[in-house]
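**Student:** Chains P and A supply the protein sequences, listed in that same order. Going letter by letter, the first sequence gives residues 471 to 556 in this note's numbering. Going letter by letter, the second sequence gives residues 3 to 474 in this note's numbering.
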Amino acid sequence: MNGKQVKDIVLGIIAVVAPDADLTNVKSDVRLRDQLDMDSMDFLDIVMELRKRYKIEVPKEDYPKLATLDSCVSYLTPKFAVMVPV
Amino acid sequence: MHYDVIIIGAGMSGLAAGIRLAYYDKRVCIVEKHYAFGGLNSYYRLEGRDFDVGLHAVTNFASPTKRNAPLNRLLRQLRLSREDFDLRPQHYSQVRFPGKSLRFTNDISVLVDEVAREFPRDADKFCRLLTEVERYDDARLDAPYRPTRPMLREYLREPMLMEMLLCPIMFYGSAEEHDMDFTQFVTLFKGLFCEGFARPPGGVRTIIKALVKKYRSCGGKLRMRCGARRLETDNGRVVGVTLESGETLTADAVLSSAGYAETMRLCDGAFLSSPRPSPWEGEEELGRISFVESVSILDVTPASLGHDATIVFFNDAETFTYAEPRGSVDLSSGILCCPNNYKRHENLQEGVVRLTWLANYDRWANLDEAAYTAAKGALRDNLIKRVREFIPTFTAHLVFTDMFTPRTIRQYTGHLNGAVYGSPRKRRDGRTPYENLFVCGTDQGYLGIIGAMLSGITMANVHMLEKTTNVG
Numbered sequence: 471m472n473g474k475q476v477k478d479i480v481l482g483i484i485a486v487v488a489p490d491a492d493l494t495n496v497k498s499d500v501r502l503r504d505q506l507d508m509d510s511m512d513f514l515d516i517v518m519e520l521r522k523r524y525k526i527e528v529p530k531e532d533y534p535k536l537a538t539l540d541s542c543v544s545y546l547t548p549k550f551a552v553m554v555p556v
Numbered sequence: 003m004h005y006d007v008i009i010i011g012a013g014m015s016g017l018a019a020g021i022r023l024a025y026y027d028k029r030v031c032i033v034e035k036h037y038a039f040g041g042l043n044s045y046y047r048l049e050g051r052d053f054d055v056g057l058h059a060v061t062n063f064a065s066p067t068k069r070n071a072p073l074n075r076l077l078r079q080l081r082l083s084r085e086d087f088d089l090r091p092q093h094y095s096q097v098r099f100p101g102k103s104l105r106f107t108n109d110i111s112v113l114v115d116e117v118a119r120e121f122p123r124d125a126d127k128f129c130r131l132l133t134e135v136e137r138y139d140d141a142r143l144d145a146p147y148r149p150t151r152p153m154l155r156e157y158l159r160e161p162m163l164m165e166m167l168l169c170p171i172m173f174y175g176s177a178e179e180h181d182m183d184f185t186q187f188v189t190l191f192k193g194l195f196c197e198g199f200a201r202p203p204g205g206v207r208t209i210i211k212a213l214v215k216k217y218r219s220c221g222g223k224l225r226m227r228c229g230a231r232r233l234e235t236d237n238g239r240v241v242g243v244t245l246e247s248g249e250t251l252t253a254d255a256v257l258s259s260a261g262y263a264e265t266m267r268l269c270d271g272a273f274l275s276s277p278r279p280s281p282w283e284g285e286e287e288l289g290r291i292s293f294v295e296s297v298s299i300l301d302v303t304p305a306s307l308g309h310d311a312t313i314v315f316f317n318d319a320e321t322f323t324y325a326e327p328r329g330s331v332d333l334s335s336g337i338l339c340c341p342n343n344y345k346r347h348e349n350l351q352e353g354v355v356r357l358t359w360l361a362n363y364d365r366w367a368n369l370d371e372a373a374y375t376a377a378k379g380a381l382r383d384n385l386i387k388r389v390r391e392f393i394p395t396f397t398a399h400l401v402f403t404d405m406f407t408p409r410t411i412r413q414y415t416g417h418l419n420g421a422v423y424g425s426p427r428k429r430r431d432g433r434t435p436y437e438n439l440f441v442c443g444t445d446q447g448y449l450g451i452i453g454a455m456l457s458g459i460t461m462a463n464v465h466m467l468e469k470t471t472n473v474g
């Protein structure tokens with residue numbers, strides 16, 4: 471899975487956990503929390519959706535690695551790579 | 003049957019917690035002793051009419067643009083839309099004291115102007131208090147207890163203004179008599195004055211039905227008329243819930259909305275069936291705040307009789323006494339609520355006037371059936387006298403009145419003493435002496451209907467969802 475696909479997956483999850491967020495011009499290198507006004511509950515849901523949909527585990531100490539779309543891509547791409555195809 | 007989590011109580015907090023857990027694939031079962039959902043905020047049908055219990059107003063009404071407002075956070079967390087709750091804002095509400103009144107709406111600037119009009123000496127000071135309240139993080143789970151009255155005295159010079167602010171705030175959420183925790187004061191101040199009131203035209207059942215439907219669609223199990231009789235414990239852990247039927251369900255964790263003392267009693271095997279349980283070490287922590295409420299049906303709307311306020315909080319003295327009364331009710335203060343007086347509530351066929359007074363649990367609990375009915379009847383004259391101050395022609399249009407008392411509250415919620423807002427001592431982190439038993443709802447301490455749901459959500463997140471992602 472390439473970076474673009476991972477990015478789309480993360481945006482797709484944000485669209486579900488925060489349907490009221492405007493996702494038209496999300497910058498890859500700016501903290502999601504700042505540009506989308508997301509709170510810790512929203513962040514927990516990104517983690518939970520990754521687990522529910524893709525069985526990807528993000529331990530609490532790694533939450534900061536989901537801060538921006540770019541950091542999501544670098545952190546999650548290897549995890550998607552080892553994912554067993556369903 | 004083994005569950006990841008068993009939730010005690012199908013009220014707002016239990017259902018919200020259940021949705022979170024079931025949505026994230028936990029095996030969840032909610033056990034509810036009553037046949038109706040909702041707990042403290044429930045509903046019933048009598049003589050062909052729908053009645054609400056509890057809900058006068060949904061506080062914390064916020065526009066969709068305020069993403070971090072409690073209402074919008076909880077809708078996101080529950081994957082519900084605004085349409086599901088169908089909330090319509092209030093007209094206006096009022097605090098009435100001798101010679102003074104403060105009107106407020108869902109726009110805080112109205113209250114700011116009203117304070118400046120009635121208490122010009124404190125106009126600036128009130129704005130400073132408002133800034134402090136808006137800055138204050140009242141959602142944190144580790145906030146220490148601080149009494150509110152000394153804090154308010156630092157801000158305000160006019161004692162009556164302090165009383166007039168405390169009156170609606172205490173009525174709508176304080177489990178403590180006379181004073182309250184400042185964090186709770188801030189939560190309610192924001193919920194009542196900064197955000198404001200709303201209501202679905204269908205009443206509280208609209209909200210409860212949305213929660214139940216969502217919970218079921220996520221695969222959650224709901225067992226009604228299925229009270230928890232005992233929590234089976236072993237070595238500091240709860241291992242199972244034994245039901246009234248004798249059946250035992252096992253679970254990895256239990257989340258109880260029954261109240262802290264009530265839950266602890268389930269653990270040591272004491273039953274909750276007697277109306278006034280024997281002395282117990284936690285007795286002093288039990289709440290004393292309970293209410294009598296009358297619901298009167300009119301053949302016309304209150305607005306057509308000249309009363310268009312949504313909610314009026316009244317008090318006959320310059321100081322407001324918020325405490326369990328010595329007599330059966332405290333007639334000197336109360337709340338008058340007209341559900342018709344919300345925007346776009348024209349579909350309500352009849353007029354409804356609800357009047358609420360502080361009440362003494364023991365006085366009501368100890369009556370036999372005949373005396374109980376007589377006591378309710380005796381309040382009728384007081385009810386009419388009071389409502390006529392607001393609606394002079396009330397009696398000519400009165401069709402029907404029903405009344406519930408601390409005894410009814412005790413029966414439906416299981417709260418000891420019929421304590422509407424639970425124990426004065428809140429357990430904000432939800433922890434108990436048992437490592438896998440947590441409390442949510444009134445005794446966790448987020449307040450109001452939105453607060454109750456956020457309580458369930460937060461406890462499920464912190465104790466059950468974040469934990470599994472760590473271990474996972």
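Glycine included, each C-beta is placed from N, C-alpha and C at the ideal position. As the structure is a computational prediction, the values presented were derived from the model and not from experiment.
Taking Cβ to Cβ, would you say glycine 40 of chain A is nearer than 7 Å to glycine 13 of chain A?
**Tutor:** Cβ atoms of glycine 40 of chain A and glycine 13 of chain A: closer than 7 Å.
**Student:** Return the Cβ separation of glutamate 116 of chain A and phenylalanine 106 of chain A in integer angstroms, given the expectation that the two are a contact with Cβ distance under 8 Å.
**Tutor:** 7 Å
**Student:** Would you kindly report the start and end of the unbroken alpha helix (DSSP H) that includes glutamate 120 of chain A?
**Tutor:** 110-120
**Student:** Determine the DSSP secondary structure at histidine 4 of chain A, reduced to helix, strand or coil.
**Tutor:** strand
**Student:** Classify alanine 376 of chain A as buried or exposed, calling it buried when 16 or more other Cβ atoms lie within 10 Å of its own Cβ.
**Tutor:** exposed
**Student:** Mind checking alanine 462 of chain A: buried by the 16 CB within 10 Å criterion, or exposed?
**Tutor:** buried
**Student:** Enumerate in chain order the residues of its own chain whose CB-to-CB distance from leucine 73 of chain A is below 6 Å, with the five nearest sequence positions on each side excluded.
**Tutor:** Asn62, Ala64 and Ile452
**Student:** Within the region 7-56 of chain A, note down every full beta strand (DSSP E) run reaching 3 residues or more, in order along the chain.
**Tutor:** Positions of the beta strand (DSSP E) runs, each at least 3 residues long and wholly inside the region 7-56 of chain A, are given as 30-33, 45-48 and 51-54 in order along the chain.
**Student:** Shortest alpha-carbon distance to alanine 367 of chain A belongs to which of A:Gly336, A:His347, A:Ala398 and A:Gly329?
**Tutor:** It is A:Gly329 whose Cα lies nearest to the Cα of alanine 367 of chain A.
**Student:** Take every Cβ of the region 299-311 of chain A, pair it with every Cβ of the region 251-271 of chain A, and state whether three or more of those distances are shorter than 8 Å.
**Tutor:** no
**Student:** List the residues of chain A whose Cβ lies closer than 7 Å to the Cβ of leucine 514 of chain P, in chain order.
**Tutor:** Asn463, Leu467 and Glu468
**Student:** Is the shortest distance between the beta-carbon of glutamine 446 of chain A and the beta-carbons of chain P less than 7 Å?
**Tutor:** no
**Student:** Serine 258 of chain A lies in the beta strand (DSSP E); which residues open and close that run?
**Tutor:** 250-258
**Student:** Comparing C-alpha positions only, which one of A:Pro394, A:Arg412, A:Gln92 and A:Ala71 sits nearest to aspartate 490 of chain P?
**Tutor:** Here the closest residue by C-alpha is A:Ala71.
**Student:** My output table needs one value for isoleucine 313 of chain A: the three-state DSSP class, helix, strand or coil.
**Tutor:** Here isoleucine 313 of chain A sits in strand by DSSP.
**Student:** Could you tell me the distance, in whole angstroms, from the CA atom of serine 292 of chain A to the CA atom of asparagine 362 of chain A?
**Tutor:** 7 Å
**Student:** Between the alpha carbons of leucine 456 of chain A and aspartate 86 of chain A, how many angstroms are there, rounded?
**Tutor:** 16 Å
**Student:** Which chain A residues are close to aspartate 507 of chain P, counting only those with a beta carbon under 9 Å from its beta carbon?
**Tutor:** Contact annotation for aspartate 507 of chain P against chain A: Arg69 and Asn70 [CB-CB distance below 9 Å, chain order].
**Student:** Kindly indicate if chain P contains any beta-carbon less than 7 Å away from that of tyrosine 174 of chain A.
**Tutor:** no
**Student:** Using beta-carbon positions only, say whether isoleucine 32 of chain A and glycine 16 of chain A come within less than 7 Å of one another.
**Tutor:** yes
**Student:** Three or more beta-carbon pairs under 8 Å between the region 203-222 of chain A and the region 400-414 of chain A, yes or no?
**Tutor:** no
**Student:** Hey, would you say aspartate 499 of chain P sits closer than 7 Å to aspartate 540 of chain P, going by beta carbons?
**Tutor:** yes
**Student:** For a test of the three-state rule: what should DSSP assign to lysine 102 of chain A, helix, strand or coil?
**Tutor:** strand
**Student:** Give the single residue among A:Asp6, A:Ile10 and A:Val294 whose Cα lies nearest to the Cα of glycine 229 of chain A.
**Tutor:** A:Ile10
**Student:** Give a yes or no on whether the minimum CB-CB distance between alanine 485 of chain P and chain A is below 7 Å.
**Tutor:** no
**Student:** Beta-carbon separation of cysteine 169 of chain A and phenylalanine 315 of chain A under 7 Å?
**Tutor:** It is a contact, given that the beta carbons lie within the stated cut-off.
**Student:** What number of angstroms, rounded off, separates the C-alpha of arginine 503 of chain P from the C-alpha of aspartate 509 of chain P?
**Tutor:** One alpha carbon belongs to arginine 503 of chain P, the other to aspartate 509 of chain P, and they sit about 7 Å apart.
**Student:** Quick one: what's alanine 405 of chain A bridged to in DSSP?
**Tutor:** Before going further, note that residue 405 of chain A is methionine rather than alanine in the sequence given. Answer is A:Ser296, bridged to methionine 405 of chain A.
**Student:** Leaving out five residues on either side along the sequence, give the residues of the same chain with a beta carbon under 6 Å from the beta carbon of asparagine 384 of chain A.
**Tutor:** Leu333
**Student:** Excluding five sequence neighbours on each side, which residues of the same chain lie with their C-beta closer than 7 Å to the C-beta of glycine 101 of chain A?
**Tutor:** none
**Student:** Does lysine 474 of chain P have its Cβ less than 7 Å from a Cβ in chain B?
**Tutor:** Reference to chain B is not applicable here, since the protein chains of this structure are P and A.
**Student:** Using the Cα positions of alanine 488 of chain P and leucine 76 of chain A, report the straight-line distance between them to the nearest angstrom.
**Tutor:** 11 Å
**Student:** Within this structure, are the beta carbons of leucine 418 of chain A and leucine 257 of chain A separated by less than 7 Å?
**Tutor:** It is not a contact, given that the beta carbons lie outside the stated cut-off.
**Student:** For the 8 Å Cβ check, are there 3 or more pairs between the region 235-255 of chain A and the region 420-428 of chain A?
**Tutor:** no
**Student:** Which residue's Cα is closest to the Cα of aspartate 318 of chain A: A:Leu449, A:Glu165 and A:Val241?
**Tutor:** A:Glu165
**Student:** Is the beta carbon of cysteine 340 of chain A sitting closer than 7 Å to the one on histidine 58 of chain A?
**Tutor:** no
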